[in-house]
Every structure is written in structure tokens, then in C-alpha cells.
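Reviewing the structure listed below.
In this note's numbering, the protein residues as written are 786 to 909.
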């Protein structure tokens, strides 16, 4: 990577150091700048790889999402099963309540003198 130094800087260096030493100095500075640039790129790449999600990170998150979805499906199945069981129990209880009401009405009717008179009149 060729760097262009300002002309004034080149002339001043040649004036102070001489032509050959100025070239060596500029070459050394250019090499040091190139190494710094490479080092900076590597550091930036390392920082970005730490901060940004990699393909492996995304794959891991997708696997976790799949696990959570499977767990949600399992819980939904359990809830549906419990709901069906509760519905069956509620239906049974409703039947028993209706039966108890009918039996209560029959018991009240059997002990009622009015009902007895009504039965007598119907059976005649």
C-alpha cells in the first residue's frame, strides 16, 4: 500500500537527513503505518466478531427456539388433556346435580299431603 507523503515533508526530510536516509525513513514510516493498519483491522475484526452474532450463534439461538416451541406444544397438549378431563367431570357433576334435584322433588312430593290427594284422584 503506497502512501503519498506531502511534497514539503519529503523536501524537508531530504534537506535534513539526506536523500538516501530520507527514503529509508519514509520507507520505515510507511512500513510502520502499514503494520498499524493491519493491526487495527485485526483488532476491529476481533471486536466485531465478539459483538456481532456469528452463524454459530444464530444456529444456537434457532435450536433454543425450537426447544422452546416443542415445550410450548407439550404444555398445550397437557392443557388440552386437563381441559377434556375437567369437561368430563363437569358433565358428570351436572348430571348428578340434575338427578339430585329430581330426587328432591320426588321426595318432597311423596311427603306432601297435596300430592297424595292428587295421586288418589288420578288413580280413581
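Don't be surprised by glycine CBs; every beta carbon is placed ideally from N, CA and C. Quick caveat, the model's predicted, so the values are computed rather than measured.
- Secondary structure note for residue 881: its alpha helix (DSSP H) is the uninterrupted segment 840-895.
- DSSP, read as helix, strand or coil, puts residue 900 in helix.
- The C-alpha of residue 877 is placed about 60 Å away from the C-alpha of residue 836.
- Contact annotation, residue 900 with residue 894: C-beta distance approximately 4 Å; criterion of less than 8 Å satisfied.
- For the pair of segments examined, the segment 788-797 was found to touch the segment 807-825: the number of CB pairs separated by less than 8 Å reaches three.
- Within the segment 792-825, the runs of alpha helix (DSSP H) that reach at least 4 residues and sit entirely inside it are, in chain order, 792-802.
- Under the criterion of beta carbons closer than 8 Å, residue 807 and residue 818 do not qualify as touching, at roughly 16 Å.
- When secondary structure is reduced to three states using DSSP, residue 909 falls in the coil class, being assigned neither helix nor strand.
- Taking the CA atoms as reference points, residue 860 sits about 12 Å from residue 852.
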